[in-house]
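Quick note: the sequence shown uses the numbering used here, first residue 375, plus one each step. Glycine residues also receive a C-beta, built at the ideal position from the N, C-alpha and C atoms. Just below is one structure, and these are the notes that go with it.
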Amino acid sequence: MSDGQFVVAIDLRGTGAHPQAWRRPDSRAEEVFTAGFWIDQLQAADRAGIDLAFLGDSFATRTLEAAAIAARAAALTEHIGLVPTITVTHTEPFHISKQIASLDFASYGRAGWHVEVTPGAGQAALFGRKAEQDNVSLWHEADEAVEVVTRLWDSWEDDAEIRDAATGRFIDRDKLHYIDFEGENFSVKGPSITPRSPQGQPLVSVRADSPESNAVAATRADIIRIAAATVEDATHTAARIRRAIVAAGRDPAQVFVLLDIETLVSGTAAAELAQLDKWAGEARVPESVQYVGDATGLNLLLGSIEAAGLDGVTLVPLALPSGLQALPATDARTGTTLRERLGLARPISRYAAVERNNR
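Now the structure itself:
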């Protein structure tokens with residue numbers, strides 16, 4: 375981002391990113407299917423000033439629905455952005471648009487959507503609607519789905535609700551717009567059945583980890599997540615993504631590129647990781663930059679990442695909920711909505727803009 379704002383996000387997945395984290399005595403694994411488990415973590419991150427929380431979800435794992443967790447947390451958190459994963463492969467975009475818009479209303483403008491696809495024959499068999507897809511097909515479908523969802527978010531103008539008791543008109547139907555989308559995967563007329571939400575467009579997040587997802591991220595995302603073995607590698611990846619954003623006709627200053635940092639933070643972190651790996655029977659290979667150490671060292675690492683020109687990080691605790699006990703200090707933010715807190719403008723409905731230009 376051109377204004378130098380450094381974003382700190384957190385990725386909350388089960389009892390932690392390490393597959394053996396559930397065996398720790400402090401894991402609360404017996405509570406992972408309760409609302410209290412997730413609310414406690416989100417409230418801790420909220421108190422620490424974390425900008426936004428990614429809530430993982432997948433048809434391949436046993437978990438509560440991320441969007442439902444976010445909805446439960448909306449009234450019990452104050453500032454943190456709530457960004458659930460909703461996969462598009464077996465989910466209709468009309469339903470996603472309503473789900474995230476409703477979350478934006480419930481949280482007074484703190485919602486986002488992390489876009490994912492669902493590969494594999496096993497997941498396809500769960501639904502029985504279509505055969506397994508390759509990565510090109512999956513991400514082409516995802517690209518169409520994001521287009522449909524964002525059009526639906528714009529299909530109500532901000533002042534479409536008039537509530538005119540004298541005439542009995544609750545809605546000005548001239549300010550509702552058909553989206554008339556026709557693609558290879560979806561045909562959606564619209565408009566939405568949910569009014570335009572507080573942010574107008576809740577933030578869209580995509581993980582850029584393949585040529586296909588990279589293209590969708592550059593074209594569609596407000597937040598792009600990346601993984602890299604080193605900070606230097608991450609700067610090169612971010613630079614390529616920013617060039618792709620420019621090539622797509624977008625302003626890279628309006629898109630955040632966040633580096634995943636796997637963390638295990640405590641005075642005995644190395645020994646704790648060794649125990650996790652011992653339970654696994656082998657050392658886990660990090661999926662991105664990994665930090666194992668005390669809180670002071672983590673803050674130094676974040677400082678070096680900011681100095682390298684990255685827009686921010688997504689902390690990926692290897693073990694939860696202990697991973698929330700040493701969160702880094704973050705700058706105080708102003709603004710009520712997630713867009714305001716991140717310094718992003720609230721977009722005008724594309725359909726309202728067209729109507730004004732035609733007058």
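Identity of the residues DSSP links to residue i by a beta bridge
i: proline 399; result: Bridge partners of proline 399: none, in fact.
i: phenylalanine 630; result: Ile597
i: valine 562; result: Phe555
i: tyrosine 665; result: Thr637
i: tryptophan 487; result: Val578
i: tryptophan 530; result: Leu550
i: threonine 524; result: DSSP lists no partner for threonine 524.
i: leucine 429; result: Leu386, Pro458
i: threonine 734; result: Absent from the model: residue 734. The displayed extent of the chain is 375 to 733, so no value can be given.
i: proline 691; result: Thr637
i: isoleucine 679; result: BP columns for isoleucine 679 are empty, so no partner.
i: arginine 543; result: Asp538
i: valine 620; result: Partner(s): none; valine 620 has no beta bridge.
i: glycine 686; result: Val381, Leu632
Any non-hydrogen atom of the ligand MG closer than 6 Å to residue i Cβ
i: glutamate 518; result: As far as ligands go, the structure on display features none, and thus does not contain the ligand MG.
Contact check, residue i vs residue j, beta carbons under 7 Å
i: glycine 390; j: leucine 694; result: yes
i: valine 523; j: proline 569; result: no
i: arginine 594; j: valine 520; result: yes
i: leucine 526; j: serine 471; result: yes
i: alanine 654; j: glutamine 394; result: yes
i: leucine 450; j: alanine 485; result: no
i: aspartate 517; j: valine 462; result: no
i: glutamine 417; j: alanine 441; result: no
i: valine 580; j: valine 489; result: yes
i: isoleucine 384; j: alanine 445; result: no
i: aspartate 400; j: serine 696; result: yes
i: leucine 698; j: histidine 392; result: no
i: asparagine 509; j: serine 584; result: yes
i: isoleucine 598; j: leucine 577; result: no
i: isoleucine 454; j: isoleucine 424; result: yes
Cβ neighbours of residue i in the same chain (closer than 6 Å, five flanking residues each side left out)
i: glutamate 531; result: Lys549, Ser723, Ala726
i: histidine 551; result: Ser529, Pro565, Tyr725
i: tryptophan 396; result: Thr389, Ala403
i: phenylalanine 380; result: Glu680, Gly686
i: serine 376; result: Summary for serine 376: the model assigns pLDDT 46, below 50, so the residue's position carries little reliability; its value from the coordinates is reported in the next sentence. Closer than 6 Å at Cβ, skipping near neighbours: Ala627.
i: proline 458; result: Leu429, Ala440, Ala441, Ala444
i: leucine 718; result: none
i: arginine 537; result: Phe544
Residue from the options whose Cα sits closest to the Cα of residue i
i: glutamine 628; options: Arg616, Val639, Glu636; result: Arg616
i: aspartate 705; options: Val690, Leu692, Asn673; result: Asn673
i: alanine 601; options: Val620, Phe630, Glu636; result: Glu636
i: alanine 645; options: Val381, Trp487, Arg398, Gly709; result: Arg398
i: aspartate 651; options: Leu638, Ile384, Ser662; result: Leu638
i: leucine 386; options: Gly430, His469, Val562; result: Gly430
i: leucine 689; options: Arg707, Glu661, Asp625; result: Glu661
i: arginine 421; options: Gly717, Pro702, Gly709; result: Pro702
i: phenylalanine 560; options: Gln575, Ala409, Glu515, Asp546; result: Glu515
i: alanine 480; options: Ser571, Gly677, Ile413; result: Ser571
Cβ neighbours of residue i in the same chain (closer than 7 Å, five flanking residues each side left out)
i: tryptophan 679; result: Strictly speaking, residue 679 in this sequence is isoleucine, with tryptophan absent from that position. Val605, Leu633, Val687, listed in sequence order.
i: phenylalanine 407; result: Leu438
i: leucine 684; result: Ala608, Thr609, Ala612, Val631, Leu633
i: glutamine 415; result: Leu386, Leu694, Pro695, Leu698
i: glutamate 405; result: Phe411
i: aspartate 618; result: First, the residue type needs correcting, since residue 618 is alanine and not aspartate in the sequence shown. Answer for alanine 618: Asn588, Ala592, listed in chain order.
i: alanine 682; result: Val605, Thr609
CB contact check: residue i to chain B, cutoff 7 Å
i: alanine 449; result: Among the chains of the structure shown, chain B does not appear; only one protein chain is present.
With 16 other Cβ atoms within 10 Å as the buried cut-off, status of residue i
i: phenylalanine 630; result: buried
i: alanine 505; result: exposed
i: alanine 447; result: buried
i: isoleucine 553; result: buried
i: phenylalanine 544; result: exposed
i: alanine 715; result: Inspection of the sequence shows that residue 715 is occupied by arginine rather than by alanine. Buried, by the Cβ-count rule.
i: valine 734; result: This structure cannot settle anything about residue 734, because the visible part of the chain is limited to 375 through 733.
i: alanine 419; result: buried
i: valine 382; result: buried
i: alanine 534; result: buried
8 Å Cβ shell around residue i - same chain, five flanking residues per side excluded
i: alanine 643; result: Val666, Gly667, Asp668
i: glutamine 573; result: Asp478, Gly483, Ala485, Thr711, Leu712, Arg713, Arg720
i: leucine 512; result: Thr463, Val491, Thr492, Pro493, Glu586
i: alanine 700; result: Val639, Ser640, Asp668, Ala669, Leu672
i: glycine 557; result: Glu518, Glu521, Val522
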